[in-house]
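J.: Numbering (our numbering), first residue to last: 13 to 363. Beta carbons: idealized from backbone N, C-alpha and C, even for Gly. Just passing along the structure, written as structure tokens.
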Amino acid sequence: MSLAADLIRRIEANGPMTLAEYMGLCLMHPEHGYYTTRDPLGAAGDFITAPEISQMFGELLGLCLAQVWLTQGAPRSVLAELGPGRGTLMADMLRATRGVPAFHEAIDIHLVEASRPLRKAQKAALKGHEVTWHDSIETLPEAPLLLVANEFFDALPIRQMQRAGDGWRERMVGLRNGVLTFGLSEPKPMPLLAHRTQDTTEGDIVEISPVAAMIAEVLGRRITRHGGAALIFDYGDWRAQGDTFQALRGHAPVDPLDTPGEADLTAHVDFEAIARASAAAHTRLTTQGTFLERLGITGRAQALARDLSGDALTAHVAAHRRLTHPEEMGTLFKVLGLYPVSGEPPPGLEK
Ligand code: SAH
13 MSLAADLIRR
23 IEANGPMTLA
33 EYMGLCLMHP
43 EHGYYTTRDP
53 LGAAGDFITA
63 PEISQMFGEL
73 LGLCLAQVWL
83 TQGAPRSVLA
93 ELGPGRGTLM
103 ADMLRATRGV
113 PAFHEAIDIH
123 LVEASRPLRK
133 AQKAALKGHE
143 VTWHDSIETL
153 PEAPLLLVAN
163 EFFDALPIRQ
173 MQRAGDGWRE
183 RMVGLRNGVL
193 TFGLSEPKPM
203 PLLAHRTQDT
213 TEGDIVEISP
223 VAAMIAEVLG
233 RRITRHGGAA
243 LIFDYGDWRA
253 QGDTFQALRG
263 HAPVDPLDTP
273 GEADLTAHVD
283 FEAIARASAA
293 AHTRLTTQGT
303 FLERLGITGR
313 AQALARDLSG
323 DALTAHVAAH
333 RRLTHPEEMG
343 TLFKVLGLYP
353 VSGEPPPGLE
363 K
């Protein structure tokens, strides 16, 4: 049975499903899910991410976390990544920190990854390192936690709410003449959105991700209890407003209901919701461009450029621009840091 047929059968049996349920099945269905069946990254795939654009991204993040580790007294720690894709970011972080052998001796590498094809790619990228994989963040060991997540939270299922009087209507996926279609629920009270009654009016759309909040809660608890820090990169803003649900296939937008399981589904990340759900301290939300500049990406780019010429040099210059320039990923992408309440923000980020 195709995923579309499976979805239709579920809706016929149980009625319309939330967007979160739809998104979760499209991305992670055990047999037909977008991530469970493929490696979607790169030029031939559906989208490209910062670590795939340039090694400098992972190098600077690795040095940033090694500095956090030093500042916090160099404890035995878990170096973890959520949704590591092809493993490129982790490999670049480990290579860049080879000059700090005590760091390598003090860390255990843990990856949270639901996709089997991507786990395979990660294993190949991290050959020579001992790595433990997890299906969920809950099973990460209780220890100081140095964690990165790049374009992970935008893949987590969201619910969409539309303001209706004092309540909210929820956007649902149902059927019309046997075809998947969007609809709205009856208005209902949403205590989770109590803080959004002031800044929204009739008809406004707000997105919430219960899974993202749950993960942020776990992250905050670990960092508060054991120390460490988390760096969360994604597109999005401090506060979610409006419909940001989108489907990408072959680097182009498509209708999210047209080809379930074949397109990447994402939504902008509500960083305020992550900060609120976490008990740890959080940094100011900072653009990726500013963060990378503060960590010295320009110097690193110049050093790498010295050994390059021709097409390789052109590509390297373009990659630097793509990561940092305001018209490219530089301001669209943001980073939020989580760190212990009694500690200091990670390098490159401010209170
Ligand atoms: N961080 C990588 C890949 C981003 S794509 C990069 O920057 O290139 C999103 C990643 O998150 C993929 O590895 C995907 O399999 C994983 N993922 C998405 N939802 C997940 C979930 N609910 N649990 C675990 N991994 C998930």
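Opposite A223 in the DSSP bridges: which residues?
T.: Per the sequence presented here, residue 223 reads as Val, with Ala not at that position. Bridge partners of V223: none, in fact.
J.: R175: which of T213, F59, C38, L159 sits nearest, CA to CA?
T.: For the residues T213, F59, C38, L159, the minimum Cα distance to R175 belongs to T213.
J.: What does the alpha-carbon distance come out to for the pair A242 and A259?
T.: Approximately 27 angstroms between the Cα atoms of the pair.
J.: Per DSSP, what kind of secondary structure is H294 in: helix, strand or coil?
T.: DSSP places H294 in strand when its eight states are reduced to three.
J.: Specify, as a first and last residue, the run of the beta strand (DSSP E) that N26 falls within.
T.: Per DSSP, N26 belongs to no beta strand (DSSP E); it is in the alpha helix (DSSP H), 15 to 26.
J.: What is the DSSP secondary structure of K139, counted as helix, strand or coil?
T.: Here K139 sits in coil by DSSP.
J.: Distance, Cα to Cα, E142 vs E117?
T.: Looking at the two C-alpha atoms, the distance is approximately 11 angstroms.
J.: Residue ranges of each beta strand (DSSP E) run of no fewer than 3 residues wholly in the segment 106 to 136, ordered along the chain?
T.: The segment 106 to 136 contains these whole beta strand (DSSP E) runs: 119 to 124.
J.: Flag this pair as yes or no: are the beta carbons of L192 and A16 separated by less than 9 angstroms?
T.: In this structure, A16 lies closer than 9 angstroms to L192 by Cβ.
J.: Taking one C-beta from the segment 229 to 246 and one from the segment 335 to 343 each time, how about it: are there three or more such pairs within less than 8 angstroms?
T.: Verdict: no, contact absent.
J.: Which residue from H263, I119, A264, P357 puts its Cα closest to that of H294?
T.: Looking at the Cα atoms, P357 is the closest of the given residues.
J.: Using the Cα positions of A292 and G36, report the straight-line distance between them to the nearest angstrom.
T.: Whole-angstrom Cα-Cα distance: 27 angstroms.
J.: Within a Cβ cutoff of 8 angstroms, which residues of the same chain sit near A285, ignoring the five residues on either side of it in sequence?
T.: Result list for A285: I220, S221, A224, A225, A228, A252, in chain order.
J.: Shortest alpha-carbon distance to S127 belongs to which of W250, V353, L94, F69?
T.: Here the closest residue by C-alpha is L94.
J.: Name, in chain order, the residues that DSSP records as bridge partners for F194.
T.: F194 pairs with V185.
J.: Applying the criterion that 16 or more other CB atoms from any shown protein chain within 10 Å of the CB defines a buried residue, is A103 buried or exposed?
T.: Burial call: buried.
J.: Taking the DSSP output, what are the residues bridged to K346?
T.: D246, T299.
J.: Which residues does DSSP pair with S89 in a beta bridge?
T.: S89 is bridged to I119.
J.: May I ask which residues mark the beginning and end of the alpha helix (DSSP H) holding T310?
T.: Residues 309 to 317.
J.: I'd like to check one pair, L361 with F365: are the Cβ atoms closer than 9 angstroms?
T.: Lying outside 13 to 363, the shown extent of the chain, residue 365 is not represented and no answer is given.
J.: Short of 6 angstroms in beta carbon distance, which residues of its chain neighbour H44, apart from the five on each side in sequence? Order them along the chain.
T.: Around H44: L15, G273.
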